[in-house]
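*Asks:* full-length UniProt numbering numbers the first residue of the sequence shown as 1 and each following residue consecutively.
Built from N, CA and C at the ideal position, the CB exists for glycine as well.
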Amino acid sequence: MDPSRGYHQIRMLPDDEEKTTFFTEYGMFCWKVVPFGLKNAGTTYQTMVNAIFANQIGKNMEIYVDDMLVKSKERGQHLENLKETFESIQKSAHLESPRGNFWVI
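1) DSSP on Thr24, reduced to helix/strand/coil?
2) Please go through the same chain and pick out, in chain order, the residues whose beta-carbon is closer than 7 angstroms to the beta-carbon of Ile57, but skip the five residues on each side of it.
3) Hey, which unbroken runs of the beta strand (DSSP E) at 3 residues or more fall wholly within the UniProt domain "Reverse transcriptase" (1 to 92)?
4) For Thr85, count the other beta carbons within 10 Å of its own beta carbon; 16 or more makes it buried, fewer makes it exposed. Which is it?
5) Less than 7 angstroms between the beta carbons of Met12 and Met68, yes or no?
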């Protein structure tokens, strides 16, 4: 699974928004969400994902950067593992429902 908009789902702290200020011909703007390219963006994203899926990582889920793999030994168990994953996403209020394909091997 691959969550959509990765870093852009993490809100910036209000006091830090001004640190992302940039200028264009249309005016001055700042980011309200974490943009790509910030020094700690990757670490912040990984920390968030690890917290959301703490009960699953190493058991029925593996995560590499923004790619998530839900794994199971049996088809019936796979459906339960996916349900657990989507419930974790809904509870977190950080990640949108991921788009992607699901395979049972």
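*Replies:* Once the coordinates are examined:
1) strand
2) Asn50, Ile63
3) 22 to 24, 27 to 29, 61 to 64, 67 to 70
4) buried
5) no
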